[in-house]
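The structure appears right after this line, and notes come after that.
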Amino acid sequence: MLDLVWLAIAFPLIGVLINGLFGRVIRSKLISGIIGCTALGLSFAVAVLTWLDYTYQFWTTRDGPYYEVVLWPWMYIGNLKIDAGLLVDPLSIVMFLFVTGVSFLIHIYSTGYMAHDEGYSRFFTYLNLFVAMMLILVLGNNGAVMFVGWEGVGLCSYLLIGFWYKDMYNANCGMKAFVVNRIGDFGVLLGLFMLFTYFGSLNFTTIFKEAGSVLEPGSWIPLAIALFLFLGATGKSAQFPLHIWLPDAMAGPTPVSALIHAATMVTAGVYMVARLNPIFNASPTAGFVVALVGCFTAFMAATVAMTQNDIKKVLAYSTVSQLGYMFLACGVGAYWVAIFHVVTHAFFKACLFLGSGSVIHGMHEEQDTRYMGALAKFMPWTYFTFLASTIAIAGIIPFAGFFSKDEILWQVAIWQTRFGWAPTMLWIVAALTALMTAFYMGRVTWKTFQGQQRWTPEFVEKHKHPHESGAAMVMPLVVLSALAVVAGFLLFTPPWLGNNTTLKDFLAPSTANAQYVKTHAAAEPGQHQPEHELPAPGAEAASAGHAGEHHAAFISLGNVTATEIAFAAFSVLLALIGLLVSRQIFVNQPKATEAWKKHWAPAYQFSLNKWFFDELYHRVIVVPGTAVAYACWRFFDLRIVDGIVNGTAWIVGVTGHLVRPLQTGFVRNYALYLLLGVVILLIFNLVK
Amino acid sequence: MTLEANILSIVTFLPLVGALILLILPNTEEYKSGFRWGALAFSIATFIASLFLLLGFQANGNLHFVMQIPWIPAINAEYYMGVDGISLWLVLLNTFLFPLAILSSIGVIKTREKMYYVLMLVLETAVTGVFLAQDLLLFYFFWEAVLIPMYFLIGVWGGKNKLYATTKFVLFTMVGSLLMLVAIIALYLQSGAINVLSGPTFSLAKLMALDLPPQFQFWCFLAFALAFAIKVPLFPFHTWLPDAHTEAPTAGSIILAGVLLKMGTYGFIRFALPLFPDAAFYRLGGDFFNFTIRDLIMALAVIGIIYGALVAAVQIDVKRLVAYSSIAHLGFVMLGLMSFNQQAVDGAILQMVNHGISTGALFMLVGFIYDRRHTRLIADFGGIAKPMPVYFNFFLVIMLSSVGLPALNGFAGEFPILLGSFQVNWLMTLIATLGVILAAVYLLYMFRRVFFGEVTHPENKTLADLVPREVWSVLPLAVMTFVIGLFPTMFFGKITPDSHVVLTRMQAAETASDEALISRERPRELPPDEVADLLASRAEGGAR
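Chain order of the listed sequences is G and Y.
According to this note's numbering, the first sequence holds residues 1142 to 1829 in order.
According to this note's numbering, the second sequence holds residues 1363 to 1906 in order.
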């Protein structure tokens, strides 16, 4: 099965071809939807089979965590050898499983959500293409193939944000997303160039194998590579300073927001950092920067989410904030925790977004929570699934979010770094963010589903009351919310709570430097090379920044367990405070907020206007950039260069005009010139 | 005489034969379709003939399908044609683009149709000749022959400002090429002076074998480089291009952008650099700040990338925007060529082909809406994704290829170029990579204004989608963007052995120039083995 892993990419691509080329001919929403969903169902099946096959092989033979499938030689020039190849290892399998699984559910949901849209087949074309690209991203066995997926998902994001392109606002948002992502891609490209310069290859397995010997820990080389790559991650995963595109990406249809802008694509940056963890491990400073940026983004986005009124905007900033947590985990070296949070976040955030889609559907395209309220009665399924996910994201035990977020906070607390003050500072900010998370998620839940009915008169007049969504939309909600409840303790529980380390152990070969590599060429079945084991990397490469190992050392001490319990209790307490306070305010005393808005006007405006990042970038980058471009064109091109060119032509013309009278056409005049010439030459010679 | 020996002449002159036949036909109404389909048939036949070049083409550093017979014996000029990995794909690009360009102009060109198709065919012969000639005089002959049909194509069938544009185009090119002629003659005389026995020659291979003095190389290189730099066009010699591209008829723009610009980049890698390798490392400037000619050209290329992209972003005319984007794209090609690194050079050669395909297709697509609306202003469109969905999808694919999206052709060229040039000069590459961001800015900005939003102009509401003729003209180009993007190794495999020959030559010159620099810096103090050490360390630094 491992050799057939490419089928998972092929199925959605076939869906793209059928819906893309013949969607207009088919004209049947049912068929388009079935094609789109079937492709994903098959893809998910491949993922499950790959996982089973892999675990079987891994546990029975134990001959290496990496399984490479080479499809064809993609770019071979001299010593540059890039294959179109796939890599199966624990990290890619985890990504593979949840990406296809969540995508499958969201495809089903979309058949209901987009049922009345005229661009139905186009929608499924783009959605299938997205999944194919996302799988290329997480399965690619080298940096260049990963970059294919990296840019490919960006393209699909662009197309889907601007899906309703008749509204120029949507088209603008799509373009903004693509361009901001491209700034990140600039970083990825340079990171790849540097990787090739120092490793002579872009293959992940080569990089893992040689990182210990090529990169001198703490030198500027891994730092530069890591920071370039991280620039890419900030673009794709919407971290400061490139986070500005994600909230605007909400202009797309809600299933897109759930799939691309919450569950899967935006976690690509986290995936990349986890994938290339040997590079980040080699540079403690880079890890510190990652942690700092992640923590700041988490905090900043949370402050913004507290005041937004659009239900999707709240969720968008919440996503930015949660992604910040993931990078915080990466920064402190706890890559598996970051991936753990990626997975749990995918479940509860996808559920929240789909729930918001259900609300928007039920409220007939109303997105503003100020005009909602008391929907629980009319949309019970949506309410309970939304509530479950809210509790999960807030971090109440035993919901999924608790385990992943608490583990991040714990990893920060026990982070061993030469930046001595950093763990304390980061932990305080992260804990504060956890409190805010519970608060704003509570706020949006209560404002939407509880309290007074604040529906607009037009809405009431037209539709009387909201309606619950159909089965196609409710079913994925139920599945996702169930996962949001149970995924945490199924995958991981801390030592004081049963010590289930399934995910941690599973990921360990990928996220804690791999020991050896097994290659397998599927491209040339004729010439099967003997599978060879490559030697283990230097022990020193594995030493830097493995929080997991520190952790393992700590738990043997009894009092640390007590500390851990105290930390966990504290984070649950924060979550409870956040949820209950917001309930008290937004259900019981909704009027109070008006006074606070006035009293704290500057802070409120700062948050409401998203820290004015858009305005800042507009003034600092867009306006001067446009001015320079105009100057280049209007002044340099048209005045200077063309001035010289046309000036030369003008001089030639004028000279021609001036000497024209000499050409009289009379032979006697020419004879005179001849004579003059002779005289001048004579004089010249005589004088000389 | 076998097919093997004659195939290059067939590929080159078949269009000319077609032109002559078209000329014989009477210029009357009933023969109109004869001109159209006759020209198309001859260009397709040429394309099929050129496919034979691929058969059995094994790149090995030698010329293939060589034909070498005396042309003007009195001055030792030869009819010397040959193809290798560097020119192979350019020739195929040329024969591939011409049928499509001709197909896209059928029914669009309404005046003086006979002359139009005749000139197109003549142009095809001239361009193919440029890529195949291995004799400098023959090369110069084809080089100048390109100007004549192009001059008329722009001047007769062009837009409002056609006379200014076409005159500017010809004069710009002539300035450079006349200097090149002087350099060719100087080289010819020099070869006679060095090889007294065999006499002077125009043959590229023989001239490359000469050991030319550095100063002589420098001046000749300048003359060649100016001619090629104008053609590329390298910043700041680029201002003829936006005018010529904008005013030319659609097919003219396709050919101009698709293949004519590559004559410049091709000239560098085929003639200017291998003939005068030491000139590329000729140092300019004083003791404290000095740089080589190669640094200078790389810098101009990088400036062109950023400058072209910036100016493209603020254009109001779609065609002019695409024209400025060409300056940026060709900047990447020049950056790659001057890196003298295997990946970069191969990427640059493939990028010439890629640019021909994607920019050719962009001009074709712009031509399609120009035919419908007779305007090229971006502001006159908006929201046309709705009435023209097929057009929208083609435009999307081609635009993305131009943006450099991975798995499409643009990336297969850009990525190796930047990856290779990064090994040589990281700072310039870093700046050049910014061009990748800007490419997205100007293309997406234009795309958004043309295709998205409400249909603001009522006449755009009823725009007809592409007709089959138009689909067939652009479809092969769209398919090629995927083929090259997914299987670039197929192309690189035929390029690498031949580009490696040029590269070895350039790298040897670089080593020599470094040696000279070191011995100048530390005169006579070092014993020879220490010099060797120093050189080795330098070479290592260069590799890093």
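Glycine is no exception: its CB is placed at the ideal position from the N, C-alpha and C atoms.
Should residue i be labelled buried (16 or more other beta-carbon atoms within 10 Å of its own) or exposed?
i, result
"residue 1164(G)", "buried"
"residue 1834(Y)", "exposed"
"residue 1433(G)", "buried"
"residue 1398(Y)", "buried"
"residue 1562(G)", "exposed"
"residue 1688(G)", "Reliability fails at residue 1688(G), whose pLDDT of 37 lies under 50, so the model's placement of it is uncertain and the value that follows must be treated cautiously. That one is buried."
"residue 1323(G)", "buried"
"residue 1825(G)", "exposed"
"residue 1852(Y)", "exposed"
"residue 1483(G)", "buried"
"residue 1544(G)", "buried"
"residue 1821(G)", "exposed"
Based on DSSP bridge pairs, tell me the residues matched to residue i.
i, result
"residue 1229(G)", "1208(G)"
"residue 1217(G)", "1222(G)"
"residue 1430(Y)", "1442(Y)"
"residue 1652(Y)", "1647(Y)"
"residue 1283(G)", "1344(G)"
"residue 1298(G)", "BP columns for residue 1298(G) are empty, so no partner."
Whole angstroms is fine: what's the gap from residue i's alpha carbon to residue j's?
i, j, result
"residue 1308(G)", "residue 1815(Y)", "5 Å"
"residue 1286(G)", "residue 1620(Y)", "29 Å"
"residue 1215(G)", "residue 1647(G)", "31 Å"
"residue 1566(G)", "residue 1422(G)", "21 Å"
"residue 1162(G)", "residue 1155(G)", "10 Å"
"residue 1536(Y)", "residue 1339(G)", "46 Å"
"residue 1724(Y)", "residue 1717(Y)", "10 Å"
"residue 1551(G)", "residue 1705(G)", "7 Å"
"residue 1499(G)", "residue 1856(Y)", "56 Å"
"residue 1506(Y)", "residue 1675(Y)", "33 Å"
"residue 1725(G)", "residue 1585(G)", "13 Å"
"residue 1257(G)", "residue 1391(G)", "20 Å"
"residue 1420(G)", "residue 1634(G)", "29 Å"
"residue 1506(G)", "residue 1559(G)", "52 Å"
Can you give me the Cβ contacts of residue i inside the same chain, cut-off strictly under 7 Å, excluding the 5 residues immediately before and after it?
i, result
"residue 1868(Y)", "1635, 1639, 1642, 1702"
"residue 1446(G)", "1455, 1458, 1459, 1462, 1581"
"residue 1409(Y)", "1457, 1458, 1461"
Can you list, in chain order, the residues of its chain whose CB lies under 8 Å from that of residue i, leaving out five sequence neighbours each side?
i, result
"residue 1735(Y)", "1742, 1743, 1821, 1822, 1825"
"residue 1477(Y)", "1514, 1518"
"residue 1708(G)", "1547, 1550, 1551, 1554"
"residue 1721(Y)", "1619, 1620, 1684, 1687, 1688, 1691, 1764"
In the structure shown, what three-state DSSP assignment does residue i receive?
i, result
"residue 1474(Y)", "coil"
"residue 1810(G)", "helix"
"residue 1383(G)", "coil"
"residue 1169(G)", "coil"
"residue 1341(G)", "coil"
"residue 1645(Y)", "strand"
"residue 1389(G)", "helix"
"residue 1701(Y)", "helix"
"residue 1823(G)", "helix"
"residue 1376(Y)", "helix"
"residue 1560(Y)", "coil"
"residue 1762(Y)", "helix"
"residue 1360(G)", "coil"
Starting from the C-beta of residue i, find all residues in its chain whose C-beta is less than 6 Å away, skip the five residues before and the five after it, and write them out in chain order.
i, result
"residue 1611(G)", "1253"
"residue 1524(G)", "1517, 1590"
"residue 1863(Y)", "1423"
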